[in-house]
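Participant:
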Amino acid sequence: MDHRAPRTSELLAAITAAHSAERISLGELVHALRNRAFGLTVLLFGIPNCLPMPPGIPVICGVVLCLVGVQMAIGRDELWLPGWLARRTISHKVLDRMVNGALPWVQRFEAYSKPRHLLFANAAATRVVGGLVLLLGLLLMLPIPIFGNLPPGIAVCILGLGLVERDGIFIIAGAVATLISLGVMGFLSWLLYQGALAVF
Numbered sequence: 005m006d007h008r009a010p011r012t013s014e015l016l017a018a019i020t021a022a023h024s025a026e027r028i029s030l031g032e033l034v035h036a037l038r039n040r041a042f043g044l045t046v047l048l049f050g051i052p053n054c055l056p057m058p059p060g061i062p063v064i065c066g067v068v069l070c071l072v073g074v075q076m077a078i079g080r081d082e083l084w085l086p087g088w089l090a091r092r093t094i095s096h097k098v099l100d101r102m103v104n105g106a107l108p109w110v111q112r113f114e115a116y117s118k119p120r121h122l123l124f125a126n127a128a129a130t131r132v133v134g135g136l137v138l139l140l141g142l143l144l145m146l147p148i149p150i151f152g153n154l155p156p157g158i159a160v161c162i163l164g165l166g167l168v169e170r171d172g173i174f175i176i177a178g179a180v181a182t183l184i185s186l187g188v189m190g191f192l193s194w195l196l197y198q199g200a201l202a203v204f
């Protein structure tokens with residue numbers, strides 16, 4: 005019998021397989037993630053920002069990630085969503101697109117990921133990661149066109165994978181990616197500001 009812990013890709017695939025309804029509420033999704041809710045929610049709501057998605061999705065992802073980040077930062081054990089957000093729904097087609105688009109990349113990362121350097125994956129480090137997730141969620145809500153959501157989206161996914169796999173190396177890589185995202189988003193915001201000055 006195989007007693008190994010399921011990998012991130014297996015957990016993501018199980019999310020779509022467990023729901024057959026045309027639309028799924030965010031509350032149902034979070035409940036399905038159970039004891040890995042924080043890491044998988046971070047990963048699941050980071051993925052759409054790395055893929056072509058309908059307008060408005062990055063803002064919803066940003067709001068959810070901010071809530072997750074705050075709860076991680078204050079040390080909550082269980083993930084909670086307010087009723088108005090828990091009742092929001094996502095189509096099964098969009099969820100399938102998110103998961104199936106991400107699975108090949110997640111599986112590639114899994115080949116190098118494993119529980120290690122747990123000092124960076126313990127409870128104290130998780131609070132710090134929560135602060136980073138909050139920051140990235142705020143960046144995702146910025147109205148920066150074209151590829152503006154990609155840098156923080158990638159950073160969120162790396163952090164999420166590190167949390168699920170309890171991989172301190174990936175968590176460190178996610179922190180570095182967060183700093184890079186701050187620089188890129190700051191530069192893009194400056195370009196937009198300069199463009200607005202030129203027009204007006």
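For what it's worth, the working numbering labels the leading residue of the sequence shown as 5, then goes sequentially. Glycine included, each C-beta is placed from N, C-alpha and C at the ideal position.
Determine whether the beta carbon atoms of Val68 and Gly134 lie at a separation below 8 Å.
Facilitator: Cβ distance not < 8 Å, so Val68 and Gly134 don't count as in contact.
Participant: With a threshold of 16 other CB atoms inside 10 Å of the CB of Gly166, please say whether the residue is buried or exposed.
Facilitator: Its Cβ being crowded by 16 or more others within 10 Å, Gly166 is buried.
Participant: Among Ala17, Ile51, Trp109, which has the Cα closest to the Cα of Ala36?
Facilitator: Ranking the options by Cα distance to Ala36, first place goes to Ala17.
Participant: Could you have a look at Arg92 and say whether DSSP puts it in helix, strand or coil?
Facilitator: Correct three-state label for Arg92: coil.
Participant: Quick check on DSSP: helix, strand or coil for Ser29?
Facilitator: In the structure shown, Ser29 sits in a strand (DSSP, three-state: E or B).
Participant: Given that a residue counts as buried once 16 or more other Cβ atoms are within 10 Å of its Cβ, and exposed if not, what is Asn153?
Facilitator: By the neighbour-count rule (16 or more Cβ atoms within 10 Å), Asn153 is buried.
Participant: Please report the straight-line C-alpha distance between Pro62 and Leu146, rounded to a whole angstrom.
Facilitator: If you take the alpha carbons of Pro62 and Leu146, they lie about 9 Å apart.
Participant: Mind checking Arg131: buried by the 16 CB within 10 Å criterion, or exposed?
Facilitator: Counting Cβ neighbours within 10 Å, Arg131 comes out exposed, since fewer than 16 surround it.
Participant: Would you say the segment 74-94 touches the segment 157-165, given that touching needs at least three Cβ pairs under 8 Å?
Facilitator: Because the criterion of three Cβ pairs below 8 Å is not met, the segment 74-94 and the segment 157-165 do not touch.
Participant: Kindly identify the DSSP beta-bridge partner or partners of Arg120.
Facilitator: Asp171, per the DSSP bridge assignment.
Participant: How far does the alpha helix (DSSP H) with Leu83 in it reach, from first residue to last?
Facilitator: Per DSSP, Leu83 belongs to no alpha helix (DSSP H) and is neither H nor E.
Participant: Closest to Ala179 by C-alpha separation, out of Leu196, Glu169, Leu140, would be which residue?
Facilitator: Here the closest residue by C-alpha is Leu140.
Participant: Just the C-alpha distance for Met5 and Leu30, rounded to the nearest angstrom, thanks.
Facilitator: Note on Met5: pLDDT 42, under 50, position unreliable in the model; no value is reported.
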